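First the structure, in the form of structure tokens, and then the observations on it.
In UniProt numbering, the protein residues as written are 1 to 265.
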């Protein structure tokens, strides 16, 4: 008997869904039958993803939100619940370096530190809080997936604030898994390897990408679909007994001891 992943009748919310990994996650959830609320800071990008989701024959809604603003996050969740009739799956995918690039830690300004912690840790925390409240109120359980980073598994020269903020997301994930378990809400974190989104590809030189490839056991950089498929699995009933976990999809990069440091600019 063939085994597939079906999310028919379930409602999903994806933050950072306008492009890259977030867009891929939205499309894979839709292919499995879930209705999807696509949230992004860039309204036009959210609309574009929502159109791709709707093309899969499911309900789609685009939401514009600044995930670092708790009031906007609360309104986002309320809007998703109203549009889709509930909330069963939430994927928190907002992150990156908030436009600050890489730098030695001593050169990071206080504002840059706040920005990176805000967009990686606080945005995820606000989203988890609002999503959990909605799921608890509905009383039908649910699944929250936080997108973390492989940088939490190793030193991250040039990206210290980013790695630290994502490591805090991992700890938050474990704690929420315990706190929300009585409500049948699972909480997990997933992490990609270096993923060739348009944003990442533009920031890494060809020489650096080549050196990365040489240090990765499976010899490939990650693609957005790689992470999206892992998120789909974690969100499905096939992972019904999985909670509080940190799961990597990085082509074995975690195992490498020769990974080059990021270029500090």
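Cβ atoms here follow ideal geometry from the backbone N, Cα and C, with glycine treated the same way.
The model shown is predicted, which means the values in this text are computed figures rather than measured ones.
**Asked** Quick one: complete beta strand (DSSP E) runs, 3+ long, within the stretch 79-141?
**Response** 89-92
**Message:** I'd like the span of the alpha helix (DSSP H) that includes residue 31, first residue to last.
**Reply:** 20-31
**Request:** Would you please state the rounded distance, in angstroms, between the beta carbons of residue 256 and residue 215? I believe it to be under 8 Å.
**Result:** 5 Å
**Message:** Only counting the same chain, and skipping five residues up and downstream in sequence, which positions put a Cβ closer than 8 Å to that of residue 197?
**Reply:** 19, 20, 21 and 224
**Asked** Do the stretch 115-131 and the stretch 155-170 make contact, defined as three or more Cβ pairs closer than 8 Å?
**Response** yes
**Asked** Could you check where the beta strand (DSSP E) with residue 38 kicks off and where it finishes?
**Response** 35-40
**Message:** According to DSSP, is residue 12 part of a helix, a strand, or is it coil?
**Reply:** strand
**Item:** Straight-line Cα distance separating residue 177 from residue 6
**Value:** 23 Å
**Request:** Let me know the secondary structure DSSP gives residue 191 once reduced to three states.
**Result:** strand
**Asked** Can residue 80 and residue 158 be called in contact, C-beta distance under 9 Å?
**Response** no
**Through-space distance from residue 69 to residue 218, alpha-carbon basis** = 39 Å
**Asked** Thinking C-beta only, is residue 42 closer than 9 Å to residue 64?
**Response** yes
**Item:** Boundaries of the alpha helix (DSSP H) in which residue 159 is found, first to last residue
**Value:** Counting along the chain, residue 159 falls outside any alpha helix (DSSP H), and DSSP gives it neither H nor E.
**Check whether residue 38 and residue 46 have beta carbons under 9 Å apart** = yes
**Message:** Under DSSP, the alpha helix (DSSP H) around residue 208 begins and ends at which residues?
**Reply:** 206-215
**Request:** Assuming residue 89 and residue 235 form a contact by the criterion Cβ under 8 Å, report the distance between their Cβ atoms to the nearest whole angstrom.
**Result:** 5 Å
**Request:** Could you tell me the distance, in whole angstroms, from the CA atom of residue 130 to the CA atom of residue 207?
**Result:** 42 Å
**Message:** Under DSSP, the beta strand (DSSP E) around residue 228 begins and ends at which residues?
**Reply:** Segment 224-235 is the alpha helix (DSSP H) holding residue 228; no beta strand (DSSP E) there.
**Request:** Find out if the Cβ-Cβ distance for the pair residue 36, residue 93 is shorter than 9 Å.
**Result:** no
**Request:** Go through its chain and collect everything with a Cβ distance to residue 66's Cβ below 8 Å, but skip five positions before and after it.
**Result:** 41 and 72
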